[in-house]
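K.L.:
Going by the numbering used here, the residue at position 292 of the sequence shown is 1390; the numbering climbs one at a time, nothing skipped.
Sharing a structure, written as structure tokens. Questions coming.
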Amino acid sequence: MKNSSPEEHRQKIEDNKVIFDSVFDYEFTKSLNNNVASVIDKVFFRSEFVGFDDPIERNNPDHPVIIISNHSGMAFPWDAMMFGAGYFKKMGYDQRKTFRALVAPMLSQTALMNPYMIQDFWKRIGGIDATFLNFETMMHYKVSNLLVYPEGVPGIGKGWNRKYELQRFATSFIRMSLKYKTDVVPYVTVNGENINPNTYSFEFINRIVRKIGIPFLPIGVILLLLPLQPWIFYYAWPAKLIFVRGKRQSPWKWIDKPYEEVTEDEIKAIRDRVQAQMQEELNTAVSTYGQRPYQIKEHFKHIWKHKNMFPFYLPHGWLFAFHEFIRLWNKRKPGEEVKIKYGVGAMFRMLFNNPFTIFYFIPILGWIPIIWRGYRGGIKRPPERYRDTEIAKEKL
1099 MKNSSPEEHR QKIEDNKVIF DSVFDYEFTK SLNNNVASVI DKVFFRSEFV
1149 GFDDPIERNN PDHPVIIISN HSGMAFPWDA MMFGAGYFKK MGYDQRKTFR
1199 ALVAPMLSQT ALMNPYMIQD FWKRIGGIDA TFLNFETMMH YKVSNLLVYP
1249 EGVPGIGKGW NRKYELQRFA TSFIRMSLKY KTDVVPYVTV NGENINPNTY
1299 SFEFINRIVR KIGIPFLPIG VILLLLPLQP WIFYYAWPAK LIFVRGKRQS
1349 PWKWIDKPYE EVTEDEIKAI RDRVQAQMQE ELNTAVSTYG QRPYQIKEHF
1399 KHIWKHKNMF PFYLPHGWLF AFHEFIRLWN KRKPGEEVKI KYGVGAMFRM
1449 LFNNPFTIFY FIPILGWIPI IWRGYRGGIK RPPERYRDTE IAKEKL
């Protein structure tokens, strides 16, 4: 592959800045958080943030801090969604104190991989396809910081037998830290592994399902129920999520030469050093907060306290809440706030207003219209992984 000249490279980044705001809808994100995500988290996941009292400040005003986190294995990314929703709320929805996230392109390849098939869900709440060009373009984003999951898809599909074992990190975030002299701030997610426990991953099966736009297929008892109740595709157990902020790192200070002169071996060594520290922090956090992942007594206390919200804090109720929010959002007038009316009889009203939701509860045959809608637009081709150097191709 022929290297781009510095001028061509800068122009590609400049042209790519359309990703900043082409799909992202801040007001949509804030309203979704207040109407749906907060309801789910308040009773079901009960998220706690450790070490996040102060916002993450940029060390280089011109470039975002790179936030990194572990993936939770074998589950729909509810933990990432709850972290984003909780952190945005904790920071008072001030975009300067929050982040945008690089997400696996496979999450946008089909409608099925968006929660309850909400069109462009991940991108509407700020997600950016994780390609090297997009990553470097976002390093010029002036508004907020940037969240990256360096394990990539292997981190999500690691299987129960490798829970809390960080999979090999990509080196892209190290390259960006070195090139733009910006810090890396890790945080670890504890108990996310228990969102879908005792499920396993087999690569030969994953290779098959990736052809239809699904990154992995969790193999476990719950899979047997999936044909009978399609809503289980988005199922979760009530794991109490704990997010623990780690030690801030400055990889760009660990070298004494220009970025262009850093070798591949040196980049990988720095990557391994960051990963080793994060694995140690994850182990410590798990030993401290991960011994009772569900805290059932607390969970039932929250259920009783918010019994008027039944069933919308339970997985099968999320379906109605998401669809009702989209319906109200689409019919609102410009500048009008959306407010979902929960309470007695709300589920039946939402079912009437969103008749497609009934298919999620119809055994076997319900999958026919769901699959039709999920793949109606086909499987989107993954974005090209443009690189500016002649190095081995590597997934973000």
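Where is the CB? At the ideal position from N, CA and C, for every residue including glycine.
Note that the structure is predicted; figures quoted are calculated from it, not measured.
Mapping the DSSP letters down to three states, classify Pro1284 as helix, strand or coil.
P.N.:
strand
K.L.:
Tell me the DSSP secondary structure of Arg1343 in three-state form.
P.N.:
strand
K.L.:
Roughly how many angstroms separate the alpha carbons of Asp1139 and Pro1159, rounded to a whole number?
P.N.:
33 Å
K.L.:
May I ask you to list the residues that DSSP assigns as paired with Gly1225?
P.N.:
Among the bridge pairs identified by DSSP, Gly1225 is matched with Ala1199.
K.L.:
In this structure, does DSSP put Asn1114 in helix, strand or coil?
P.N.:
helix
K.L.:
On the three-pair Cβ rule with 8 Å, is the segment 1393 to 1406 touching the segment 1345 to 1359?
P.N.:
no
K.L.:
So who's on the other strand from Leu1244, going by DSSP bridges?
P.N.:
Its beta-bridge partners are Ile1164 and Arg1198.
K.L.:
Per DSSP, Phe1147 forms a beta bridge with which residues?
P.N.:
Bridge partners of Phe1147: Phe1341.
K.L.:
Going by DSSP, what residues sit across from Tyr1262 in a beta bridge?
P.N.:
According to DSSP, which records beta bridges pairwise, Tyr1262 is partnered with nothing at all.
K.L.:
If contact is defined by three or more beta carbon pairs under 8 Å, each pair taking one atom from either stretch, is the segment 1146 to 1162 in contact with the segment 1427 to 1441?
P.N.:
No, because fewer than three Cβ pairs between the segment 1427 to 1441 and the segment 1146 to 1162 fall closer than 8 Å, the two stretches do not touch.
K.L.:
CA-CA distance, Arg1198 and Thr1269?
P.N.:
Computed Cα separation, rounded: 19 Å.
K.L.:
Any idea which residues DSSP pairs Gly1298 with across the strands?
P.N.:
Correcting the residue identity first, residue 1298 is Tyr in this sequence and not Gly. Ile1317.
K.L.:
At a cut of 8 Å, does the segment 1281 to 1288 reach the segment 1161 to 1181 through at least three beta carbon pairs?
P.N.:
Result yes; three or more Cβ-Cβ pairs closer than 8 Å.
K.L.:
Taking the alpha-carbon of Thr1297 as reference, which of Ser1275, Ile1312 and Leu1322 has the nearest alpha-carbon?
P.N.:
Leu1322
K.L.:
Does the structure place the segment 1259 to 1266 close enough to the segment 1227 to 1239 that three or more beta carbon pairs sit under 8 Å?
P.N.:
no
K.L.:
Please report the Cβ distance between Asn1292 and Tyr1392, rounded to the nearest whole angstrom; I am assuming they are in contact, meaning their Cβ atoms lie under 8 Å.
P.N.:
With 8 Å as the limit, Asn1292 and Tyr1392 qualify as a contact, their Cβ atoms being about 7 Å apart.
K.L.:
What whole-angstrom Cβ distance do His1421 and Asn1452 have, given they're in contact under 8 Å?
P.N.:
4 Å
K.L.:
Helix, strand or coil for Glu1434 per DSSP?
P.N.:
coil
K.L.:
Excluding the 5 residues preceding and the 5 following Phe1186 in the sequence, name in chain order all residues of the same chain whose CB lies nearer than 8 Å to its CB.
P.N.:
Thr1127, Lys1128, Asn1131 and Thr1196
K.L.:
Where does Ile1456 sit, in a helix, a strand or coil, going by DSSP?
P.N.:
helix
K.L.:
Of all Cβ atoms in chain D, is any one closer than 7 Å to the Cβ of Gln1377?
P.N.:
Structure shown: chain D not included; a single protein chain is present.
K.L.:
Below 8 Å, how does it come out for the segment 1410 to 1426 and the segment 1211 to 1221: are there three or more Cβ pairs, yes or no?
P.N.:
Contact between the segment 1410 to 1426 and the segment 1211 to 1221 is present, because at least three Cβ pairs lie under 8 Å.
K.L.:
If we ignore side chains and look at the alpha-carbon of each, how far apart do Ser1299 and Lys1355 end up?
P.N.:
Computed Cα separation, rounded: 42 Å.
K.L.:
By alpha-carbon positions, which one of Ile1462, Pro1336, Met1274 and Lys1309 ends up nearest to Gln1207?
P.N.:
Lys1309
K.L.:
Taking the alpha helix (DSSP H) that Ala1183 falls in, what are its first and last residues?
P.N.:
Trp1176 to Lys1188 is the extent of the alpha helix (DSSP H) around Ala1183.
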